[in-house]
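So in this note's numbering the end of the sequence shown lands on 776, straight run, no missing numbers.
See structure below.
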Amino acid sequence: MAVAHSLGFPRIGRDRELKKAQEAFWKGELDEAGLRAVGRELRKTHWDLQKQAGIELLPAGDFAWYDQVLTHSLMFGVIPERFRPADGHATLHTLFAMARGVSDSCCGGAHAQEMTKWFDTNYHYLVPEFSVDQQFHLGWDQLFDEVKEARDLGHTVKPVVIGPLTYLWLGKAKGADFDKLDLLDRLLPLYGQIFQRLADLGVEWVQIDEPILVLDLPQDWKNAFERAYNLIQRDPLKKLVATYFGGLEENLGLAANLPVDGLHIDLVRAPEQYPTILDRLPAYKVLSLGVVNGRNVWRCDLENALATLQHAHERLGDRLWVAPSCSLLHSPVDLGREDKLDAELKSWLAFAVQKCAEVAVLAQAINQPEAANVVAALAQSRAVQAARAASPRIHKPAVQARVAAITAQDSQRQSLFAQRIAKQRAGLDLPLFPTTTIGSFPQTASIRLARQSFKAGKLREAEYVEAMHSEIKHAVEVQENLGLDVLVHGEAERNDMVEYFAEQLDGYVFTRFGWVQSYGSRCVKPAVIFGDLSRPKAMTVEWIRYAQGLTDKVMKGMLTGPVTMLMWSFPREDVSREVQARQLALAIRDEVLDLEAAGIKIVQIDEAAFREGLPLRRAQWQHYLDWATEVFRLCASGVRDETQIHTHMCYSEFNDVIESIAAMDADVITIETSRSDMELLDAFEAFAYPNDIGPGVYDIHSPRVPDASEMANLLRKAAQRIPAERLWVNPDCGLKTRAWPETEAALIHMVAAARQLRAELA
Ligand SMILES: CN1c2c(nc(N)[nH]c2=O)NC[C@@H]1CNc1ccc(C(=O)N[C@@H](CCC(=O)N[C@@H](CCC(=O)N[C@@H](CCC(=O)O)C(=O)O)C(=O)O)C(=O)O)cc1
Ligand SMILES: N[C@@H](CCS)C(=O)O
Ligand SMILES: [Zn+2]
């Protein structure tokens, strides 16, 4: 019998109950018992939903109070000294302190752990911090408690843990330069202890996530896999090693032969690995095939998936398991909630609950091919695929013709940077170390309420515009009072930097409840690209024109770039990413030109997801970098030399992509650097990056307000790497998640730090 299982379910809840409870807890409006009750209820609901959908082996341990990597750090006792509780006993407060930092007016508090992207997703994890003398001990019982909870509810669960190699890979050596792999022998005994405790709870199977097996691994890491799994095999549990987000490629033999009982592979991202794995898998092992896409919202082509499964079943028999490609953490929860989506489009989509049902019906199609519901599901799937492929809503000849007519000249600015910057400096008249912000100012409850009322028809358009104007006015006044040099309008009118634009472009559809966790309590609602993309009319010009009319200072126009629009949307699967990006680029190019025509002298095109778009495998990098760079230039190159183009990137390791960032040829790039203590600038220094740079001088993910000397120190470090005349001063990223008091306090310090540096260099 083929087994239907799931690798993980979204934890936030259909109505983002977890987000609401977390935020209430942080505000002191909900006590710990209340928060724990919400978590318990969510886990129960999620197990029930998956079971009702037909999943036989349910995941446990996929719930997290903030992030699953952080939960593992607590489980292994990897708590940086600055957060270590005096009695050695970690609590939920310790966990949230590690995630969010702690403000402390007397001693500066403790900065949060670094946060970075989970592989090539829009989910962020908290980077474990390892010291050279790192000791590991079991310090957090959450996994065992949740397994007991499931057992008490009558469920058969497969606990999910991050494997030892992936956990170490994700972390960072702190305080000394040492090889993280040296910690492996100290970490491994904990896996033995965890598995023994799970076995004592009656668990049969455990899922060990080792997604780094889809990366280009150094040889010593490959060797470590064999050694580690030989050591942890000596316990009573059956183990499924799960790989996802790509193909195993040269690690396939290694993964297939690990001394465990099963292997999960991602056949959505890497279908080509299927025939080889069948040949290489030892005859005793379970093979779990991830055939339902855990990272996109399109309904599965069941017949296509079934063809592979049937073939596999002939070879594997009962050793075949069926699953989503990866954890459903990256998928919205329940399409059933979407009451406003048009019926045709809705019939093309599947969210986590529906994906579980797809997995279940595929397993059933193997076990009981004649069952009436199986026959009906296959017929419906066939009809949906055919209807979508033929739909006139998808294909727009005018858009395709414009893309086909793009020339190399369209991606070239009129002059080289050296000539442009001279003209721009003359026109902008800015001081050394010009200060600016990244775009958004606090998205306050009143802004969100106004938008909600407008969308619900309770506020008329003129009233909504007036409310947004008053927010913009406030933001401009604050910035003028602070003495910032280049102002922004504050993005009050934007629900999200991608969704806002998506709502105005043809070819996109948006959901009402399709939320996905981005980090902690923060969620995003990626819009869905379903057809060829175009811009019916200007999207930002009126807001920016209004903001510029309020001040004599320079107002930056603020746009989201094509790669980021694409990466933070659910893309089409019937055309390539680059075609979708080119269509987006043409729409954004038109917007840039409209802003320039409205008198705007600086336009920022955010490409926060540029690095995230980089394929996980090196062999595919250059192709991506070529088109990603080209589409940015396509947006930016229609303007005059005098118009300054900024871009912004956060959460990026720049070493790998610095050449392409230079090739984007933005006049100014603002980047996130503060949590890394300016280390991220090394790549810019080493490459002798030629254009202007604004390295972030404070972390915006934490409410903590750093003082001016801390920021000035960071600026001095920056000035050691980049010539001062090319440095800008700005926070790491936008301020939409912050409240006004801490925003103003931090910006006062930032402006003071810039003034201090100007004085020092005068
Ligand atoms: C910069 N980042 C972004 C990423 N991806 C994006 N698509 N967008 C990004 O900005 N990836 C990398 C980072 C991740 N960082 C963040 C930062 C902040 C958020 C965030 O604040 N998310 C909000 C939701 C934003 C939003 O769309 N808000 C809507 C309101 C929606 C809502 O909650 N409505 C309520 C009713 C209104 C109310 O009572 O408040 C409801 O429906 O119940 C809006 O402003 O209109 C969040 O709250 O999580 C995300 C990623
Ligand atoms: N302009 C956006 C960029 C976020 S990455 C903002 O300020 O929120
Ligand atoms: Zn950012």
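Think of the CB as a built atom: it goes at the ideal place given N, C-alpha and C, for glycine as much as any other residue.
None of the values given here were measured: they were computed from a predicted structure.
Judged by their CB atoms, S548 and V413 are nearer to each other than the 8 Å cut-off. The three-state secondary structure of M579, taken from DSSP, is helix. Non-local beta-carbon contacts of L359 in its own chain, meaning distances under 7 Å to residues more than five positions away in sequence, involve V523 and F544 in chain order. Runs of the alpha helix (DSSP H) spanning 4 or more residues and lying entirely within the segment 37 to 111 occur at 46 to 67 and 82 to 89, in chain order. It is roughly 16 Å from the alpha-carbon of D443 to the alpha-carbon of A738. When the Cα atoms are used, I486 and F144 turn out to be separated by approximately 44 Å. Within the DSSP bridge table, the entry for H278 names A256 and S302 as partners. Residue A726 holds the alpha-carbon nearest to the alpha-carbon of L775 among A726, E95 and E517. The beta carbon of D275 sits closer than 8 Å to the beta carbons of W219, K252, K253, L254, Y298, K299 and V300 from its chain, once the five residues preceding and following it are set aside; these are given in chain order. In this structure the segment 610 to 628 touches the segment 655 to 669; the number of beta carbon pairs closer than 8 Å is three or more. Any heavy atom of ligand 3 counts here; residues with a Cβ closer than 6 Å to one of them, in chain order, are I452, A622, H662, C664, C747 and G748. Between ligand 1 and the CB of R462, the shortest heavy atom gap is smaller than 7 Å. Non-local C-beta neighbours of L266 in its own chain, meaning closer than 8 Å and more than five positions away in sequence, comprise Q287, T290, I291 and R294, ordered along the chain.
Taking a 10 Å sphere around the C-beta of A611, we find fewer than 16 other C-beta atoms and assign the residue as exposed. As far as DSSP is concerned, H409 takes part in no beta bridge. When distances are taken from the beta-carbon of E505 to the heavy atoms of ligand 2, the shortest one is below 7 Å.
In this structure, R96 is the residue among A47, E372, R96 and D101 with its C-alpha nearest to the C-alpha of G115. Between V161 and L215, the gap from beta carbon to beta carbon is short of 8 Å. For S454, the CB falls within less than 7 Å of some heavy atom of ligand 2.
The C-beta separation of T322 from L303 comes to about 7 Å, placing the pair in contact by the 8 Å criterion. Taking F239 as the centre and dropping the five residues before and after it, the same chain places the C-beta of L179, L268 and L272 closer than 7 Å to its C-beta, in chain order. Ligand 1 approaches Y533 closely enough that one of its heavy atoms is under 7 Å from the residue's Cβ.
Distance from the CA of H344 to the CA of L204, rounded to the nearest whole angstrom, comes to 28 Å.
Here A78 has R25, L84 and T85 as same chain residues with Cβ atoms under 8 Å from its own Cβ, once five neighbours each way along the sequence are excluded. Here the alpha carbons of V175 and G75 stand approximately 7 Å from one another. Between the alpha carbons of L229 and R752 lies a distance of about 35 Å.
In this structure, the C-beta of K750 approaches ligand 2 to less than 7 Å from one of its heavy atoms. If you draw a 10 Å sphere on the C-beta of S484, you find fewer than 16 other C-beta atoms in it, and that means exposed.
Proximity of the segment 29 to 44 to the segment 525 to 543 meets the contact definition, three or more beta-carbon pairs being nearer than 8 Å. Assignment of Y533 by DSSP, reduced to helix, strand and coil, places it in the strand class. Within the segment 678 to 760, the complete beta strand (DSSP E) segments of 3 residues or longer fall at 682 to 685 and 706 to 709, listed in chain order.
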